[in-house]
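Scroll down for the structure; my scribbles are underneath it.
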Amino acid sequence: MKYFLVIFIIPLISFSQYLFSDNYPVNTYQMFFKKNIFSEPGLNDIVSDHKKIAILPVSVSYNINNREKRKETFSTYDIKEMEIECSQAFFIDFYSKISDSFKEINNTISKSQNKKKITIDEDGYVPQTQRDRFIAINNREKNLISFIKRPKVDLLNSTQTINKLNNNNINIQDIIEHSPEKLCKILNVDAIIYINIDSSKIIRLSSFGIKDEKKSITYQRSFNNTATDIFLIGTSIVDEIKGAKFVEASISIYNNNGMLFWAYKDDISSRYFRNHTDIVEHIFSNNLIDRFPYLVK
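Going by the working numbering, the letters in the sequence shown line up with residues 2 to 298, in that order.
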């Protein structure tokens, strides 16, 4: 009996340490996340004539007063203030991540097109000394072809987006109340990217020069108690494996006629992020750019 317990319990303990190690990369846990990307049939035809798109300010919703195991409660005003700060930080990060990712892709495409081609004789023979290079170039070009075929669009500057919305009396906290048709017309774009973050845990912010961040950090420290957070949603390792989540992230792209034609959804356990930047990095680590319907200039 003792021999059986040793064989059974030790591997289980080892697995739990491996599974919940704070230092282990987030990507390892993808087997526990349900990913879903939707695209409308005929997507290529829908986006073929698009020239300019915009990312809307990120919608952040906190559902933090319904958690039975915490004594702290926050006023509606406090929650709204934290949502605004988090929205600003996410908006900056998402815009930068998309811009930087496509800048790197465009540079790679440019270098690939300007590189000297390997000479192949009429019999299709490649010199042995250049064979590895030839294979590497072919593989890279195959990966780039899908991007080259996509419609090339401009991404409206984040500052211009905010200014245009403000000039038309659009409150960024109520942006979901306005139709895609209206927002596309105001921003003068062919499509808009709507991002929603729904969280039952206050998300720590990386510093982006947000004036009221100190206040937000105070809220975060009073609520996100590391000594008790492990018990907030699941009371056992089984609950965590089943997929208890803290953050639900969704990205939706709407046409200027109001049609939803592309969407991404991701449920993320809070054990795998420390701040909002970790959430953004996790979302993009799932090859999101590879599935994006555009090539941003």
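Each residue gets a CB set at the ideal place from its N, CA and C atoms; glycine is no exception.
Residue span of the beta strand (DSSP E) that contains residue 53, given as start and end: 53-56
Residue environment, residue 92, which counts as buried when at least 16 other CB atoms sit within 10 Å: buried
Integer Cβ distance of residue 38 from residue 162, believed to fall under 8 Å: About 24 Å; that fails the 8 Å criterion.
8 Å contact criterion, which residue 100 and residue 156 should meet: CB distance rounded: 6 Å
Cβ-Cβ distance between residue 254 and residue 192 below 9 Å: yes
Selected residue, minimal CA-CA separation from residue 83, among 45, 94 and 202: 202
Residue 94 versus 298, 296 and 284, residue with shortest Cα-Cα distance: 284
Short CB-CB distance (under 9 Å) between residue 76 and chain D: Judged by its chain identifiers, the structure shown contains no chain D, having just a single protein chain.
Unbroken stretches of the alpha helix (DSSP H), 4 residues or longer, contained in the region 166-191: 181-188
Residue 289: first and last residue of the uninterrupted beta strand (DSSP E) it sits in: Where residue 289 is concerned, there is no enclosing beta strand (DSSP E), given that its DSSP letter is neither H nor E.
Helix, strand or coil at residue 59 [DSSP, three-state]: coil
Cut-off 6 Å between Cβ atoms - residues of its own chain near residue 298, not counting five sequence neighbours on either side: 153 and 155
Rounded Cβ spacing between residue 40 and residue 262 (contact assumed at less than 8 Å): 7 Å
Alpha-carbon spacing of residue 110 relative to residue 145, whole angstroms: 7 Å
Continuous beta strand (DSSP E) stretch holding residue 155: start and end: 153-156
Run of the alpha helix (DSSP H) containing residue 45, from where it starts to where it stops: 44-48
Spatial neighbours of residue 62 in its chain, beta-carbon cut-off 8 Å, leaving aside the 5 residues before and after: 84, 197, 198, 199 and 200
Under 9 Å between C-beta atoms of residue 194 and residue 106: no
Sub-9 Å separation of residue 98 and residue 281 beta-carbons: yes
Buried/exposed call for residue 295, threshold 16 Cβ in 10 Å: buried
Collapsed DSSP secondary structure at residue 266 in the structure displayed: strand
Burial state of residue 267 (16 or more Cβ within 10 Å): buried
One or two residues paired with residue 206 in a DSSP bridge: Paired residues: none, contrary to the question.
Residue from 178, 289, 173 and 169 with nearest C-alpha to residue 89: 173
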